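Just so we're aligned, residue 295 is where the sequence shown starts under our numbering, counting upward by one.
C-beta atoms are modelled at their ideal positions from N, C-alpha and C, and glycine is treated no differently.
What you are looking at is a predicted structure, and each value in this text was computed from that prediction instead of being measured.
Some notes on the structure that comes next.
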Amino acid sequence: MKKLLISNFKSNKSVDESNEWLDELVKTVDWNSLGNFEVGVAPAFPSVEEFSHRIMEAQVPLKLTTQDLSAYPAGSYTGAVSARNLADLHVKYAIVGHSERRRYFEETSELVAMKVVQALDNHIIPLVCIDEPYLEEQIKLLDTATLSKCVYVYEPLSAIGTGDNVGVGKVAEVFEKITKLCGDVRCMYGGSVTDQNVSEYLLIAHGVLVGSFSLKANDFAKLVATATAL
Ligand code: PGA
295 MKKLLISNFK SNKSVDESNE WLDELVKTVD WNSLGNFEVG VAPAFPSVEE FSHRIMEAQV
355 PLKLTTQDLS AYPAGSYTGA VSARNLADLH VKYAIVGHSE RRRYFEETSE LVAMKVVQAL
415 DNHIIPLVCI DEPYLEEQIK LLDTATLSKC VYVYEPLSAI GTGDNVGVGK VAEVFEKITK
475 LCGDVRCMYG GSVTDQNVSE YLLIAHGVLV GSFSLKANDF AKLVATATAL
């Protein structure tokens, strides 16, 4: 299983700024040297379609990721983006249950479980974000077969966007809890990851989710170069 290096734009950047980022990344990353890594990007929804076309055109193995998707199937759910809406866009991963969604959009573990099912039903791999306070609650809402198909991202609230990344020992402890409950699954870390600390996490993690540090394409490319040189 390849390790994942995923950039999460959150709701930063206009469409033009997002395209500039993509052009820069395509030029800067050595795409032939990714080895055992996959590189992904999760732009805001208005850029997903254009990114899909541009990635195809550039012929680079950049994995299109969404920051969310609807808990409901295609249908009368005004304002939602269903997995079906994404069907032709070559979306490989979807972040679900990010703590910012829980915090600002009142997303519950029940809704996140529904999103996981929607993603998997539509051949999108969910990157399920979890933190300790709701780790068990979230996992209990998914059946064994579903649990084995997800990738888990340990995202401690204290580390997100703060520059205060959590030590590898703690991350290992949480990964152990996850694998005890879910079996042999991929576990990633997210929270103030930079090119300076990414190597430590990759010793134990199946990847990293990178917010702030990935907002400049050059910085993210540096992180990719650091990771893939390991
Ligand atoms: P951060 O965000 O890298 O800015 O801490 C990570 C995330 O929210 O996934």
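Endpoints, beta strand (DSSP E) assigned at residue i
i       : result
Met-482 : 480-484
Glu-332 : 331-336
Tyr-446 : 445-448
Lys-296 : No beta strand (DSSP E) holds Lys-296; DSSP gives it neither H nor E.
From the options, residue whose alpha carbon lies closest to that of residue i
i       : options                            : result
Lys-321 : Gln-353, Asn-302, Tyr-448, Met-408 : Gln-353
Glu-294 : Phe-345, Lys-296, Leu-298          : One cannot answer for residue 294 here, as it falls past the ends of the chain, which runs 295 to 524.
Arg-395 : Pro-367, Ile-454, Val-479, Leu-414 : Ile-454
Leu-414 : Gly-484, Leu-429, Cys-444          : Cys-444
Met-295 : Phe-514, Leu-524, Asp-478          : Asp-478
Ala-439 : Thr-456, Glu-343, Asn-306, Val-411 : Val-411
Thr-456 : Gly-484, Val-468, Glu-470          : Gly-484
Ser-493 : Ser-327, Glu-430, Gly-461          : Gly-461
Glu-470 : Ser-506, Leu-429, Tyr-371, Asp-458 : Leu-429
Ser-442 : Gly-391, Asn-416, Lys-474, Ser-506 : Lys-474
Asp-458 : Val-468, Gly-391, Ser-506, Ser-370 : Ser-506
Beta-carbon gap between residue i and residue j smaller than 9 Å
i       : j       : result
Tyr-398 : Ile-424 : no
Ser-486 : Leu-435 : no
Ser-364 : Ser-376 : yes
Val-323 : Leu-358 : no
Phe-331 : Thr-488 : no
Ala-511 : Glu-351 : no
Ala-338 : Lys-297 : no
Ile-498 : Ala-466 : yes
Val-518 : Leu-316 : no
Leu-383 : Val-342 : yes
Tyr-366 : Leu-421 : no
Val-309 : Ser-508 : no
Pairwise C-alpha distance: residue j and residue i
i       : j       : result
Pro-340 : Pro-427 : 32 Å
Tyr-446 : Met-408 : 16 Å
Asn-379 : Val-504 : 25 Å
Ser-452 : Gly-463 : 16 Å
Tyr-495 : Val-502 : 8 Å
Ile-349 : Ala-368 : 26 Å
Val-333 : Pro-355 : 7 Å
Ile-472 : Cys-481 : 8 Å
Trp-325 : Lys-516 : 13 Å
Ala-381 : Ile-418 : 9 Å
Ile-389 : His-500 : 15 Å
Pro-450 : Cys-476 : 19 Å
Lys-520 : Ser-301 : One point to set straight first is that residue 520 is Thr, not Lys, in the sequence displayed. Roughly 15 Å separates the two Cα atoms.
Phe-514 : Asp-362 : 21 Å
Glu-401 : Lys-307 : 24 Å
His-347 : Glu-311 : 16 Å
Ser-327 : Gln-490 : 20 Å
Ala-374 : Leu-524 : 40 Å
Element boundaries [alpha helix (DSSP H), containing residue i]
i       : result
Thr-522 : 511-522
Ala-388 : It is not in any alpha helix (DSSP H) - Ala-388 instead sits in the beta strand (DSSP E) that spans 385-390.
Val-422 : No alpha helix (DSSP H) contains Val-422, which is instead part of the beta strand (DSSP E) from 419-424.
Ile-349 : 342-352
Thr-473 : 462-476
Residue i CB to nearest heavy atom of the ligand MG below 8 Å
i       : result
Glu-400 : Because the ligand MG does not appear in the structure shown, any question about it cannot be addressed here, the ligands present being the ligand PGA.
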